[in-house]
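K.L.:
Pasting a structure below so you can have a look.
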Amino acid sequence: MVVCGDDGLAHRLAAELRGVYGEQVTLVVPASERTVRPPVVVRARSASALLDRVVTAAAGLTGNGNGAVTAAGEPPNGIRLMEAAEPNEAALAGAGVERADALALVYDDDETNIRAALTARRLNPRLRLVLRLYNRRLGQHIEELLDQAATLAIGGTADGTGFDASTTVLSDADTAAPALAATALTGTSKVLQTGGLLLRAVERPPAGAGVSAAPGLATLALLSPTDSAGLGGDQGPTLLPDAAAVRDGGERTTVVLEQVSYAGPALPDGRGVMPWFASLFSRRLRWSLAGMVGCVVALAVALWLVTGIHPLRAFYLTLLDLFAIDDPAIGQSVGRQILQLLSGLAGLLLLPVLLAAVLEALGTFRTTSSLRKPPRGLGGHVVLLGLGKIGTRVLTRLRELNIPVVCVESDPEARGLATARRLRVPVVLGDVTQEGVLEAAKIHRAHALLAVTSADTTNLEAVLYARAVHPDLRVVLRLYDDDFATAVYRTLRAAHPRASTRSRSVSHLAAPAFAGAMMGRQILGAFPVERRVLLFAAVEVGGHPQLEGKTVGEAFRAGFWRVLALDTATGGDSALVWDLPDTYVLRDTDRVLLAATRRGLAELLGRRTGSRG
């Protein structure tokens with residue numbers, strides 16, 4: 077594997093490939109990177125030895141003079157460091173692109189990544205390419221162009237579904253958004269996105285005697301019997317156990333797959349007559365209109381009682397007097413004349429109220445005040461700070477999960493305001509550091525706060541203020557500097573031990589998705605289980621004798637792979653069917669989602685595997 081980049085994502089990606097997948101990695105960085113210390117991975121509360129190795133690989137890269145890298149806990153040939161000013165043909169050839177399985181180009185500049193990708197495709201048509209591009213539309217065209225070039229270069233033996241010469245274009249904003257959304261909802265960023273669902277691996281305590289496991293959740297692993305935290309069990313975890321192993325597990329903690337969902341109150345959609353009327357006029361104007369209506373009714377009732385005429389005629393005459401229509405009460409009783417004068421006076425007062433209503437309604441449709449305001453009584457929602465590139469993606473993902481959201485944005489021209497308006501999400505326009513802005517977003521009744529603005533200090537100030545208002549609030553910060561993120565995380569956790577705190581950088585969240593794409597389009601993600609790793613992949617049944625023509629029960633191989641779901645979609649989107657019966661026969665046209673160990677997936681796909689399996 078070859079990784080080329082000029083920021084923290086390149087270091088994290090190299091560490092992910094080496095620490096999680098056990099791959100041989102060449103890291104190509106600019107010469108100035110020698111003096112820049114790679115970022116430190118933020119440890120979770122129950123950090124495993126696997127994550128410790130990833131941390132070490134990310135933080136301990138040191139050149140030894142011949143291009144190799146020495147990292148504590150890793151073999152000297154684990155990660156090879158190479159310096160190059162730019163990823164030109166000479167640099168790519170020196171990195172071994174012609175013999176590599178995959179190349180990741182994660183420079184911060186789109187043009188640099190595209191130019192290097194075109195060069196690499198010419199050097200090695202069978203190379204798997206992963207590009208980091210911010211322009212999503214351009215990325216789709218680049219994917220098609222490079223895949224077509226690979227197909228023609230290798231004589232038409234590649235197709236759109238093969239991954240040996242596939243091209244994958246990713247944006248760190250798109251890849252980080254699901255993890256940020258899951259962190260706000262469940263407190264963990266270890267999620268798997270597939271078929272429009274977010275899945276996570278959760279630990280469940282041993283079931284009591286005679287109590288069966290919860291139905292519908294696949295058992296992925298049994299943790300070490302002597303240490304459920306994964307810090308040194310003698311036996312180690314059992315990955316993908318069969319039913320007999322689960323029954324014999326006794327008091328061992330199980331790891332199961334669970335869907336990330338939201339079960340709290342839904343956000344009002346703002347539809348109906350009253351919500352529309354409330355959004356059209358301000359509260360003060362609504363009270364003024366209500367007062368005028370009450371005044372008209374009172375005058376009509378008084379006229380009816382004074383003159384004794386029919387109530388409808390009394391209401392009609394009151395409206396004539398109100399709108400100054402010429403019908404003077406000459407020769408009538410004194411009470412009728414007094415009421416006519418009072419009605420005329422009320423008409424004069426009604427005129428400015430009606431004019432204000434018209435002007436306010438027109439202003440509502442012309443300005444950004446058409447954005448919805450947080451409804452009364454809202455609670456259990458997520459407050460999202462910032463509607464830039466990252467915030468817009470996170471907002472879309474949260475609404476796909478039907479999670480109520482209130483956004484806070486200081487720029488009235490932010491790119492995410494159009495998305496918020498389309499999704500009918502309440503937005504508070506204002507500087508989050510100013511008094512009253514978070515209160516307007518109902519922060520005191522919120523479930524979580526997601527601070528994803530582009531300024532670290534703004535995110536930190538907002539979180540500190542929110543914690544002062546709501547000490548038990550779950551907070552998630554987007555911080556660029558990893559040392560700063562680590563210090564903030566530890567301090568907030570110590571100051572508020574009962575509340576959930578997470579500080580994340582986009583490169584930290586995006587690296588697993590980029591690593592999975594380098595392993596092939598089949599790889600959807602990976603979950604660490606103590607010192608081992610479980611991979612999740614989408615595989616076509618056709619061409620795999622271990623799966624084709626066999627039942628789900630027969631295709632299951634304990635400790636190697638297990639079929640989890642069937643993809644029945646005929647178009648581009650996935651439609652997964654879970655809880656497949658063991659008697660279902662897998663056909664060659666089926667596409668399945670499976671969990672596998674590194675060694676099992678390598679055997680199934682016919683790839684080589686590292687010594688650690």
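This note's numbering runs 76 ahead of the 1-based position in the sequence shown.
Heads up, the beta-carbon is just placed ideally off N, CA and C, and yes, glycines get one too.
What does the alpha-carbon distance come out to for the pair L514 and S364?
P.N.:
If I take the Cα positions, the gap works out to 29 Å.
K.L.:
So, at 8 Å on beta carbons, what are the nonlocal neighbours of G682 in its own chain, with the 5 sequence-adjacent residues on each side left out?
P.N.:
Taken in chain order, the list of residues that qualify is empty.
K.L.:
According to the Cβ coordinates, are Q598 and A586 closer than 7 Å?
P.N.:
No.
K.L.:
By Cβ distance below 6 Å, which residues in the same chain neighbour S486 in space, the five residues on each side in sequence not counted?
P.N.:
Here the set comprises D507.
K.L.:
With H, G and I counted as helix, E and B as strand and the rest as coil, what does DSSP make of M158?
P.N.:
Strand.
K.L.:
Pull up the DSSP beta-bridge partners for E485, would you.
P.N.:
Its beta-bridge partners are L505.
K.L.:
Do L207 and A193 have their beta-carbon atoms positioned less than 7 Å apart in this structure?
P.N.:
Contact flag set, yes.
K.L.:
Taking 7 Å as the threshold (C-beta atoms), are I479 and A249 in contact?
P.N.:
Going by C-beta atoms, A249 is not nearer than 7 Å to I479.
K.L.:
From the DSSP secondary-structure annotation, give me the bridge partner or partners of P604.
P.N.:
Answer is V609.
K.L.:
Relative to the C-alpha of E174, which candidate in L228, A241, D223, V459 has its C-alpha closest?
P.N.:
Closest option to E174, Cα to Cα, is A241.
K.L.:
Please state whether the Cβ-Cβ distance between A294 and L333 is less than 7 Å.
P.N.:
Contact: yes.
K.L.:
Can you tell me which of the three DSSP states T132 falls into?
P.N.:
Confidence at T132 is low in this model, with a pLDDT of 36, below 50, so the placement of that residue should be treated as unreliable; the coordinate-derived value is given next. Reduced to three states, the DSSP call for T132 is helix.
K.L.:
Closest by CA to A160, which one among R198, P106, R197, G154?
P.N.:
Comparing Cα-Cα distances from A160 to each of R198, P106, R197, G154, the minimum goes to P106.
K.L.:
Could you please give the first and the last residue of the uninterrupted alpha helix (DSSP H) stretch that includes R212?
P.N.:
Unbroken alpha helix (DSSP H) run through R212: 212–229.
K.L.:
Count the other CB atoms, across all protein chains shown, that sit within 10 Å of the CB of D185; report buried if there are 16 or more and exposed otherwise.
P.N.:
Answer is exposed; the Cβ neighbour count stays below 16.
K.L.:
How is the alpha helix (DSSP H) around A641 delimited, first residue to last?
P.N.:
Not the alpha helix (DSSP H): A641 falls in the beta strand (DSSP E), residues 637–643.
K.L.:
Is it buried or exposed for E511, if we count other Cβ within 10 angstroms and need 16 for buried?
P.N.:
With fewer than 16 other Cβ atoms within 10 Å, it is exposed.
K.L.:
If contact is defined by three or more beta carbon pairs under 8 Å, each pair taking one atom from either stretch, is the stretch 578–596 in contact with the stretch 89–99?
P.N.:
Flag = yes, the stretch 89–99 and the stretch 578–596 touch.
K.L.:
Could you tell me if A91 is buried or exposed, where buried requires 16 or more neighbouring beta carbons within 10 angstroms of its beta carbon?
P.N.:
Counting Cβ neighbours within 10 Å, A91 comes out buried, since at least 16 surround it.
K.L.:
If the criterion is Cβ atoms closer than 7 Å, does the pair T270 and L471 meet it?
P.N.:
Not a contact, by the Cβ cut-off of 7 Å.
K.L.:
Based on the DSSP secondary-structure assignment, which residues constitute the bridge partners of R94?
P.N.:
None, per the DSSP bridge assignment.
K.L.:
When you compare each of G423, V382, P657, C371 to L396 by their alpha carbons, which one comes out closest?
P.N.:
Closest option to L396, Cα to Cα, is G423.
K.L.:
In three-state DSSP terms, what is S55?
P.N.:
Outside the shown range of the chain (77 to 689) lies residue 55, about which nothing can therefore be said.
K.L.:
Tell me where the beta strand (DSSP E) around R280 begins and ends.
P.N.:
Per DSSP, R280 belongs to the beta strand (DSSP E) from 273–280.
K.L.:
In the DSSP output, what is A180 paired with across the bridge?
P.N.:
BP columns for A180 point to V79, V206.
K.L.:
Could you tell me the alpha carbon to alpha carbon distance between Y565 and L526, rounded to whole angstroms?
P.N.:
About 14 Å.
K.L.:
For T673, name the three-state secondary structure that DSSP assigns.
P.N.:
Looking at T673 - three-state DSSP - the assignment turns out to be strand.
K.L.:
What residue does the beta strand (DSSP E) around E334 start on, and which one ends it?
P.N.:
330–335 is the extent of the beta strand (DSSP E) around E334.
K.L.:
Among L447, G81, L421, V605, whose alpha-carbon lies nearest the alpha-carbon of R500?
P.N.:
Ranking L447, G81, L421, V605 by Cα distance to R500 puts L447 first.
K.L.:
What does DSSP give as the partner residues of V245 in its beta bridges?
P.N.:
Note: V245 sits in a beta bridge opposite L207.
K.L.:
Counting C-beta neighbours from all protein chains within 10 Å, is the total for Q408 16 or more, i.e. buried, or is it exposed?
P.N.:
Looking at its Cβ environment, which holds fewer than 16 other Cβ atoms inside 10 Å, Q408 is exposed.
K.L.:
From the DSSP output, read off the bridge partner residues of I599.
P.N.:
Answer by DSSP bridge pairing, in chain order: A613.
K.L.:
Would DSSP call Q413 helix, strand or coil?
P.N.:
Note: Q413 maps to helix in three-state DSSP.
K.L.:
Taking the continuous alpha helix (DSSP H) assigned at R475, which residues delimit it?
P.N.:
Start and end: 465–476.
K.L.:
Taking the alpha-carbon positions, what's the R674 to G312 distance?
P.N.:
When rounded, the distance between both Cα atoms is 16 Å.
K.L.:
May I ask you to report which of helix, strand or coil DSSP gives R554?
P.N.:
It is a strand residue.
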